[in-house]
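A short write-up of the structure that comes next.
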Amino acid sequence: MFSKLKLITGNANIPLAEEVARFAGIPLGDIELFKFSNDESFVKINDNVRGADVFIIQPTCYPVNDSLMDLLIVIDALKRASAQRISCVIPYYAYARSDKKDQPRVPITAKLVADLITIAGANRVITVDLHAEQIQGFFNIPVDHLFTVPIFARYFKSIMNLDDVVVVSPDSGGANRARALAKRLNSGLAIADKRRSGNNDKTECMNIIGDVQGKNAILFDDIIDTGGSLIKVALELQKKGAKHVYAACAHGVLSGNAVENLENSPIEKLYITNTIPLTENKKSEKIVQLSIAEMLAIAIKKIHIEESISILFR
Ligand code: R5P
-17 MFSKLKLITG
-7 NANIPLAEEV
3 ARFAGIPLGD
13 IELFKFSNDE
23 SFVKINDNVR
33 GADVFIIQPT
43 CYPVNDSLMD
53 LLIVIDALKR
63 ASAQRISCVI
73 PYYAYARSDK
83 KDQPRVPITA
93 KLVADLITIA
103 GANRVITVDL
113 HAEQIQGFFN
123 IPVDHLFTVP
133 IFARYFKSIM
143 NLDDVVVVSP
153 DSGGANRARA
163 LAKRLNSGLA
173 IADKRRSGNN
183 DKTECMNIIG
193 DVQGKNAILF
203 DDIIDTGGSL
213 IKVALELQKK
223 GAKHVYAACA
233 HGVLSGNAVE
243 NLENSPIEKL
253 YITNTIPLTE
263 NKKSEKIVQL
273 SIAEMLAIAI
283 KKIHIEESIS
293 ILFR
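Our numbering numbers the first residue of the sequence shown as -17 and each following residue consecutively.
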């Protein structure tokens, strides 16, 4: 059993960390994280963490490489300050889509990042809606993989009539995720045949497998980045006679012109979570943000007292 529970945050998503701290009833630790004028990052932890069970909240979102480097140096500082256990709460795990060597001479960056985090001194990772579940195996330390499905399911049950809903996976790789939501909503499932022809804005939706005619379609994916994938499938859903098209994703990366493209698309509402902060320039009437803070707080408190976290999957 670990005596002191400490919660600290990097700079990547301070509002989320503050909300988690409120739910957990623990103040955020005192930490100074800054850059020297030469662009090198530095951290100083002002609290005593000797023998503590420390949780660092730091999604590796924009600016991705800074967020990652900050996470690594905070882990290093904690290790050298004799923290007993260091758990990294990384709600959004960047580079997750670089998870295989599917072309000659390309890296598996998701594995490299896992190695960096482990070598830095992390003892555990807590993350949310990984792009591929297998990424857990890139770590040789425990990974608690949490899901947003219960959060979205609860929300959709509270706002819509679920009689004619169909959950749509925008590609075959996301079918399990979409099936989990469909099961909770007691709805149908459809899968788009998405093909990628280049970089992340070059996707084609070839077909939709499943019945979407006259239905309220909820596209369910892990990430909306440029929006290209979801928008292409949304157009196809419209062609196939879907009544309304909504989208839900854990991670609202929303890079480039994603928000503008979303606004001009058939997607009526996009539901995301706060794994990544929704900055002012990305706000839109079409975007609704749900919070994962309570789920993270429960996970942290249970992990601290060595209890099962299965309650979060029910
Ligand atoms: C791909 O397999 C992912 O699950 C997402 O569908 C994709 O990466 C989202 O990227 P974008 O919004 O740029 O199409």
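For every residue, glycine included, the Cβ atom is placed at its ideal position computed from N, Cα and C. Because the structure is a prediction, the values reported are computed rather than measured.
Sixteen is the threshold: since fewer than 16 other Cβ atoms of the shown chains lie within 10 Å of the Cβ of Met188, the residue is exposed. Straight through space, the alpha carbons of Ser292 and Ile280 are spaced by roughly 11 Å. For the pair Tyr137 and Leu272, the CB atoms are nearer than the 8 Å cut-off. With contacts defined as CB atoms closer than 8 Å, Ala160 and Leu167 fail to qualify as a contacting pair.
As DSSP reads the structure, Gly170 sits in a beta bridge with Val148.
By the Cβ test, the segment 97 to 116 is not in contact with the segment 137 to 146, since fewer than three Cβ pairs between them sit closer than 8 Å. When the Cα atoms are used, Phe5 and Glu276 turn out to be separated by approximately 6 Å. Taken in chain order, the complete beta strand (DSSP E) segments of 3 residues or longer contained in the segment 109 to 168 are 125 to 128 and 147 to 151. Taking all protein chains in view, the Cβ of Phe295 is surrounded by fewer than 16 other Cβ atoms within 10 Å, so the residue is classified as exposed. For the pair Leu163 and Gly11, the Cα-to-Cα distance works out to about 36 Å. Chain order is used for the residues whose beta-carbon lies nearer than 7 Å to a heavy atom of ligand 1, namely Arg79, His113, Pro152, Asp153, Gly155, Gly156, Asn182, Asp183, Thr185, Asp203, Asp204, Ile205, Ile206, Asp207, Thr208, Gly209, Gly210, Ser211, Leu212 and Ala240. In the DSSP annotation of this structure, the continuous segment of the beta strand (DSSP E) that includes Glu250 starts and ends at Ile249 to Thr255. Straight-line spacing of the CA atoms in Phe202 and Glu115 works out to 16 Å. Membership of Arg67 in any alpha helix (DSSP H) is not indicated; the residue belongs instead to the beta strand (DSSP E) covering Arg67 to Ile72.
Contact holds between the segment 27 to 44 and the segment 59 to 70, because three or more Cβ pairs, one in each stretch, are under 8 Å apart. Separation of Val148 and Gln195 (C-alpha to C-alpha, rounded to the nearest whole angstrom) is 10 Å. Linking Gly223 to Lys176 through their CA atoms gives a straight-line distance of about 18 Å. Scanning Ala104, Glu245, Gln220 and Leu(-13) for the CA closest to the CA of Pro124 turns up Ala104.
With contacts defined by Cβ atoms closer than 8 Å, Lys251 and Lys225 do not form a contacting pair.
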